[in-house]
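Worksheet: one structure, shown below.
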Amino acid sequence: MKHILLRSILALFVLVSITSCSKDEPTPDYEKLLTAHTWVKGNIRAESDNKEALELFQGYLMLYDDYKITFNADSTYTINGGTGTWELSADKKKIMFNQASWNKTNWPIHELKANSLKVSWKSRFMTAENVVYEATIYLDLIPQH
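As numbered in mature numbering (1 follows the signal peptide of the UniProt record, and there is no 0), residues -22 to -1, 1 to 123 make up the sequence shown, in order.
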């Protein structure tokens, strides 16, 4: 009886060992995914703890209706007529822009797939009364058709 129990435990151990040795997913080529398309706005939203800030940013978000960005393999980009350079952070979790008007803005990448690029950034808005509102902008990009 002990012999059967020992064999059963050994067989179970071997089965668990074999199934746990599956191959890892290959690491995606992030540069290739970014440069494969011209990306256009799919969806955009603002998040803030301040209700007034959200109301102000709703008008700001309408500016992105015709948003279009192309990442080129030579580390340049074109964004609605403007240009600059870009690179991925070492951990591939941020797109880092080097454009004078953006002061080296970074976009955290929330998702990057062949048909989806989801990024975000912090944005500030100052009213005529010098009141500053801040929100996080979430931009979902899709390939241009």
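Yeah, the Cβ is synthetic: ideal placement off N, Cα and C, and Gly gets one too.
Since the structure is predicted, the reported quantities are computational estimates derived from the model, not experimental observations.
Considering only 114, 104, 95, the residue with the shortest C-alpha distance to residue 10 is 95. Across the structure, residue 73 and residue 29 are spaced so that their CA atoms are roughly 29 Å apart. Within the same chain, 72, 98 come within 6 Å of residue 86 by CB-CB distance, once the 5 residues on both sides are set aside. The closest CA to that of residue 63, considering only 7, 55, 110, is found on 55. In the structure shown, residue 59 falls within a coil segment according to DSSP collapsed to helix, strand and coil.
The three-state secondary structure of residue 113, taken from DSSP, is strand. Taking 9 Å as the cut-off, the Cβ atoms of residue 38 and residue 19 do not count as close.
With respect to the 9 Å criterion, residue 111 and residue 70 are not classified as neighbours on the basis of their beta carbons. Residue environment for residue 68: exposed (fewer than 16 other C-beta atoms within 10 angstroms of its C-beta). When secondary structure is reduced to three states using DSSP, residue 16 falls in the strand class. Contact check for residue 32 and residue 103: beta-carbon distance about 11 Å, past the 8 Å limit, so the pair fails to qualify. Minimum Cα-Cα distance from residue 60 among the listed residues 52, 53, 47 corresponds to 47.
Within the stretch 63 to 105, complete beta strand (DSSP E) segments of at least 3 residues are found at 72 to 76, 84 to 91, 94 to 104, given in chain order.
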